[in-house]
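Under the working numbering, think of the first position of the sequence shown as 91, with each following residue one higher.
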Amino acid sequence: MKNFNYLAGLCIAVPLFSFADPTAQDFSEMGFDELMQIEVTSVSKKSEKLSEAAAAVYVVTEDEIRRSGATNIPEALRLVPGVDVAQIDPNKWAVSIRGFNGRFANKLLVLIDGRSVYTPTYSGVYWEYFDYLMDDIARIEVIRGPGATLWGTNAVNGIINIITREAGENPGGSLSLAAGNEYQGASLRQGGEISDNAQLRAYAKGRRLDESENLAGEDQDNGGDYLQTGFRLDAQPNEEQWLTLQGDLYRDDLSQQHTFPTFESPYNYQVVNGDIEAKGGNLNLRWGLLTGLDSELSARFSYDFYDHQEVKYGDNRDTFDLEVQHQFSPLTNHDLVLGAGYRLSQNEFTSSIYASVLDATSNSKIWNLFIQDTIHFRPQNIALTLGAKFEGNNYSGTEFQPNLRASWVPSERLTWWAALSRAKRSPSRADTEALVNANMDISVYPTLIQVQGGEGFQSEQLDAYELGVRWSPLPKLSVDLATFYNDYSDLRSYILEDLDYSNYPQYLLQPLELDNNIEGRSLGGELLITWQATPRTRYRFVYNYLDIQLEDSESLSEELISLDEDRSLKHQLSLWGSFDLSKSLELDLRLYYTDQRSWGNQSIDSSVNGDLRLGWQATDSLVLSLVGRNLLHSASQEFITESWSLSSSSAIERSVFLKGTLSW
91 MKNFNYLAGL
101 CIAVPLFSFA
111 DPTAQDFSEM
121 GFDELMQIEV
131 TSVSKKSEKL
141 SEAAAAVYVV
151 TEDEIRRSGA
161 TNIPEALRLV
171 PGVDVAQIDP
181 NKWAVSIRGF
191 NGRFANKLLV
201 LIDGRSVYTP
211 TYSGVYWEYF
221 DYLMDDIARI
231 EVIRGPGATL
241 WGTNAVNGII
251 NIITREAGEN
261 PGGSLSLAAG
271 NEYQGASLRQ
281 GGEISDNAQL
291 RAYAKGRRLD
301 ESENLAGEDQ
311 DNGGDYLQTG
321 FRLDAQPNEE
331 QWLTLQGDLY
341 RDDLSQQHTF
351 PTFESPYNYQ
361 VVNGDIEAKG
371 GNLNLRWGLL
381 TGLDSELSAR
391 FSYDFYDHQE
401 VKYGDNRDTF
411 DLEVQHQFSP
421 LTNHDLVLGA
431 GYRLSQNEFT
441 SSIYASVLDA
451 TSNSKIWNLF
461 IQDTIHFRPQ
471 NIALTLGAKF
481 EGNNYSGTEF
491 QPNLRASWVP
501 SERLTWWAAL
511 SRAKRSPSRA
521 DTEALVNANM
531 DISVYPTLIQ
541 VQGGEGFQSE
551 QLDAYELGVR
561 WSPLPKLSVD
571 LATFYNDYSD
581 LRSYILEDLD
591 YSNYPQYLLQ
601 PLELDNNIEG
611 RSLGGELLIT
621 WQATPRTRYR
631 FVYNYLDIQL
641 EDSESLSEEL
651 ISLDEDRSLK
661 HQLSLWGSFD
671 LSKSLELDLR
681 LYYTDQRSWG
691 NQSIDSSVNG
701 DLRLGWQATD
711 SLVLSLVGRN
721 LLHSASQEFI
731 TESWSLSSSS
741 AIERSVFLKG
751 TLSW
């Protein structure tokens, strides 16, 4: 079950019939007022108007993805208020919501068509694995704040749900070619009907990323080649029933430079060139049945596998996920959603001198039961949502995650909302059993810093308090403000163990055991102002503020605690202008400011940068676009990774590429 032939055979063996998702929407021709009526599903697992959702939610529409010139999902997420996106090097990204960003960010749940793609190895996301055709993404729904009551594990600070288009939405085919100084890519897609009630779409995509430079301007060996292919099949056998089947396969061959501690004199660190070979795939089956006027039963089954091999470690994983949900109205003015799920993830970890685990193989099991009721008080235009999830895992036992949300819509142009939520981040293999030789400290005497998982590591907890307003003071002007206060407890910390002299006089060993001693709070807000200045001109202004204060109950050094605090951006601003210069010519300009970012004794200065896209509809079937990234700097560093951080001294260079898309 860990190879392409198996999954490909599995795809062929499944009967070729599927469904049309009734929640699909076309945003490309929507006006300003209509965009406020977009229906989202990620907040409550049922369709509801974006303007009335009791959460800090933003939808990156299909049109925004196209006009941004994004070539991958992290680039599209730069458009979202409250999301911190940083490129580490050509192959790696750091993405988080409301703080705690990192290559291994573990408080964010990422979904693709409702399928969770986080890895229990470290509770994070390998962003490089998801190289989808951007034209096939219908929308990206982003929730800032907890969503654990419905979505469960990792939905602590936010949820990102990437929703692809139905196969019937883009019949015909397309060919895209792109070339530039840092990026080259090609993609092919073909879709069409295979019967009166079934549609099929298939695609293939390849791209090459050039290597970056280090901070001294020297070339680094960290480019990459990506290949991905997949399909989606939709069908509606009758008016009450729908079914969807989709799957993807990928292979990534990436060059990488690693910085490791040395175990021989002279004790310091060494730079090692080593390729990363990654392959994987998934199969996702969804089914729905309308059982009444306000009643729907749905189920989803998915299988994922990946095989990630590099110098530091090997990570091979198979994951099976099953979820059943029933949405109905048992009483007048009540919308009830209840369901259950089970997730089994099987892991085989290959250890090295730099990273190891106690047992090569391990199984992670998660079960959950959830219920949520939305009560509508029609005369007052008030909605109250109460929910709870019971979730169990083989690391920390059973967890209870409740949720209370309320919204008040006094007029069509004004919505107030508030929420109280509890969410937990379950332990991962890295938290409980991994051993990482992180660094060789030579400041006093050669000392190997070794991070060890803690057998008693428990779930991290967040109690969140949110308040927000959406207001349209003028027909062409909207204001969306979300504020929050987050109370954290049992966050991951380090216990300083006694020095180990077993390797003396070569070097000392300083163990750091993971524990749950950090607590603290964060507060902040996200402001989005959208102005349709003219029928051909739109501006979006975003400002994010975040302040994190943490403390360790064991009085560990403030320097280690600051690694979490300072890595987050306190201020972010961006201004995006979209201009229709003519019926066939588009111009998009985006300026953005990022605050200083620190990591231990290293830091990245605040900066201002800019992106540009010029699009031309040359003919009815041909679109040409010129895209520029990081245009205000020849090269700049965006992030410093958590482990082996000296290897993350990559500078992201200014890039320009030309893209052409031919459709038929």
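Just so it is clear, CB atoms sit at the ideal spot from N, CA and C, and this is done for glycine as well.
Notebook entry, point to check: What does DSSP give as the partner residues of N181 in its beta bridges?
Noted result: According to DSSP, which records beta bridges pairwise, N181 is partnered with nothing at all.
Checklist line | Continuous beta strand (DSSP E) assignments of at least 3 residues falling wholly in the region 459-531 | finding: 472-483, 487-501, 504-515 and 524-531
Item checked: Which residues DSSP lists as bridging E438, in chain order -> N406 and T451
Checklist line | Three-way DSSP call (helix, strand, coil) for P164 in this model | finding: helix
Checklist line | Cβ neighbour criterion (16 or more within 10 Å) applied to Q639 | finding: exposed
Check: Relative to the C-alpha of T451, which residue among D203, V746, I730 and P210 is closest?
Finding: P210
Notebook entry, point to check: What is the DSSP secondary structure of D590, counted as helix, strand or coil?
Noted result: strand
Margin query: For a test of the three-state rule: what should DSSP assign to D710, helix, strand or coil?
Written below: coil
Margin query: Let's test the definition: count the other Cβ atoms within 10 Å of the Cβ of H424 and tell me whether it reaches 16, buried, or not, exposed.
Written below: exposed
Next item on the list: Thinking I128 and L140 are a contact (beta carbons under 8 Å), I'd like their distance in whole angstroms, please.
Entry: 4 Å
Next item on the list: Go through its chain and collect everything with a Cβ distance to V200's Cβ below 7 Å, but skip five positions before and after it.
Entry: V207, Y208, V215 and I250
Next item on the list: Determine the closest residue to R205 out of P420, T334, I585 and R519, with distance taken between C-alpha atoms.
Entry: T334
Note to self: Just to confirm before moving on: does the CB-CB distance between S264 and D324 stay below 8 Å?
What the structure shows: no
Check: R626: buried (16+ other C-beta within 10 angstroms of its C-beta) or exposed?
Finding: exposed
Margin query: Tell me which residue opens and which closes the alpha helix (DSSP H) that S753 is part of.
Written below: Unbroken run through S753 is the beta strand (DSSP E), S745 to S753; no alpha helix (DSSP H).
Next item on the list: For A520, count neighbouring C-beta atoms within 10 Å of its own C-beta (all shown protein chains included) and say buried if the count is 16 or more, exposed if not.
Entry: buried
Margin query: With a threshold of 8 Å, are at least 3 pairs of Cβ atoms found where one atom belongs to the region 377-389 and the other to the region 418-433?
Written below: yes
Margin query: Using DSSP's beta-bridge definition, name the partner residues of K139.
Written below: E129
Notebook entry, point to check: Secondary structure at L267, three-state DSSP: helix, strand or coil?
Noted result: strand
Next item on the list: Take S753 and list the residues in its own chain whose beta-carbon comes closer than 6 Å to its own, dropping the five residues that flank it on each side.
Entry: S264 and S711
Margin query: Whether or not the region 687-703 and the region 493-505 are in contact is what I'm after, with contact meaning three or more pairs of Cβ atoms, one per stretch, closer than 8 Å; do they touch?
Written below: no
Margin query: Assuming R156 is part of the alpha helix (DSSP H), what are its boundary residues?
Written below: E152 to S158
Check: What do you get for T464, buried or exposed, if any count of 16 or more other CB atoms within 10 angstroms of its CB means buried?
Finding: buried
Next item on the list: With a cut-off of 8 Å on the beta carbons, I'd call E523 and G546 a contact; round off their distance for me.
Entry: Rounded, the Cβ-Cβ distance is 12 Å, inconsistent with contact.
Check: Looking at L599 and F607, is the spacing between their C-beta atoms short of 8 Å?
Finding: Contrary to the premise, residue 607 reads as Asn rather than Phe in this sequence. No. Outside cutoff.
Notebook entry, point to check: On the three-state DSSP scale, how would you describe K92?
Noted result: For K92, the pLDDT reaches just 41, beneath the cut-off of 50, and the residue's location in the model is therefore unreliable, although a value from the coordinates is still provided. If DSSP states are grouped into helix, strand and coil, K92 belongs with coil.
Next item on the list: Check Y53 in the structure and name its three-state DSSP category.
Entry: Here the chain has residues from 91 to 754 only, and residue 53 is not among them.
Next item on the list: Return the chain-ordered ranges of every beta strand (DSSP E) run that is complete within the region 554-616 and spans a minimum of 3 residues.
Entry: 567-586
Margin query: When you compare the CB positions of E256 and P180, do they come within less than 8 Å of one another, or not?
Written below: no
Check: The beta strand (DSSP E) with L677 in it runs from where to where?
Finding: L675 to T684
Next item on the list: Go ahead and label S672 buried or exposed: buried means 16 or more other beta carbons lie within 10 angstroms of its beta carbon, across all protein chains shown.
Entry: exposed
Item checked: Which of helix, strand or coil DSSP assigns to S386 -> A small correction: the amino acid at residue 386 is Glu; Ser does not occupy that position in the sequence shown. Correct three-state label for E386: strand.
Notebook entry, point to check: CB-CB under 6 Å to D678, same chain, minus the five flanking residues each way: which ones, in chain order?
Noted result: R157, S668 and R703
Notebook entry, point to check: For Q686, which residues of its own chain have a beta-carbon under 7 Å away from its beta-carbon, when the five flanking residues on both sides are left out?
Noted result: S693, I694, D695 and S696
Check: Are the region 544-563 and the region 573-580 touching by the rule of at least three beta carbon pairs closer than 8 Å?
Finding: yes
Note to self: Let me check understanding here. Comparing Cα to Cα, which of T243, A238, A741 and V130 lies closest to S518?
What the structure shows: T243
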